[in-house]
Every structure is written in structure tokens, then in C-alpha cells.
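Its first residue numbered 268, the sequence shown is counted upward by one per residue in my numbering.
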Amino acid sequence: MKIITKSQSIFRESSRVGVRTDIDELVAKERSELFNQAFGVVYGVFILGITIAIMLELKTEYQIDLFPGVNTPFDDVYREAKGAFSGEEQQ
268 MKIITKSQSI FRESSRVGVR TDIDELVAKE RSELFNQAFG VVYGVFILGI TIAIMLELKT
328 EYQIDLFPGV NTPFDDVYRE AKGAFSGEEQ Q
């Protein structure tokens with residue numbers, strides 16, 4: 268049993284630089300896992316967005332329609348965004 272004097276802190280041993288407790292390791296592991304999960308979600312959304320943009324571009328370029336004569340809101344938004352970036356007027 269260690270006797271703590273008046274000038275010592277109860278938590279002095281665990282607050283030393285370079286000493287990691289089980290709680291510190293658990294927090295570091297959880298932060299790492301949370302970062303990996305967040306990165307995975309952002310990466311998935313990015314890939315999904317790129318895939319949708321490619322599909323809409325192919326549909327626009329080659330006039331491929333699953334349902335001829337039906338324009339979805341995605342088509343309209345894509346055409347307007349493409350026209351805004353390229354400076355072209357859409358009919």
C-alpha cells in the first residue's frame with residue numbers, strides 16, 4: 268500500500284507522459300474505429316455519387332432510356348448542373 272503525502276496527486280502515476288492506461292488504449296481504439304467507419308461512409312457516398320454521375324452522363328450522351336419519354340428529377344438536375352458548369356443553355 269502506497270502512502271500519499273500532501274504534495275502528491277492521487278492520479279500522478281497515470282498522468283505521466285508515455286504511460287498509457289487501459290482506458291487510454293480503449294479510447295484510442297474506439298476513436299480509430301470511429302474514424303474508419305466515418306471514412307468508409309464518406310468513401311461509399313463518394314463512389315455512389317461518381318457512379319450515378321457516370322450513368323447519367325452515359326444516358327445523356329447515348330440517349331439510353333429504360334422508359335422512353337420519361338425524365339426523372341435526377342435527369343433534370345443533372346442537365347441543369349452540367350449546363351451551369353459548362354455555360355451552355357439547355358432547351
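No residue lacks a Cβ here, since even glycine has one placed at the ideal position from N, Cα and C. Bear in mind that the values here come from a model prediction, so they are computed numbers and not experimental data.
With DSSP collapsed to three states, give me the class of residue i.
{"i": "Asp342", "result": "helix"}
{"i": "Ser334", "result": "Here residue 334 turns out to be Phe, not Ser, going by the sequence shown. In the structure shown, Phe334 sits in coil (DSSP, three-state: anything other than H, G, I, E or B)."}
{"i": "Ala351", "result": "helix"}
{"i": "Arg287", "result": "coil"}
Cβ atoms of residue j and residue i: under 9 angstroms apart, would you say?
{"i": "Phe341", "j": "Leu323", "result": "yes"}
{"i": "Arg346", "j": "Thr318", "result": "no"}
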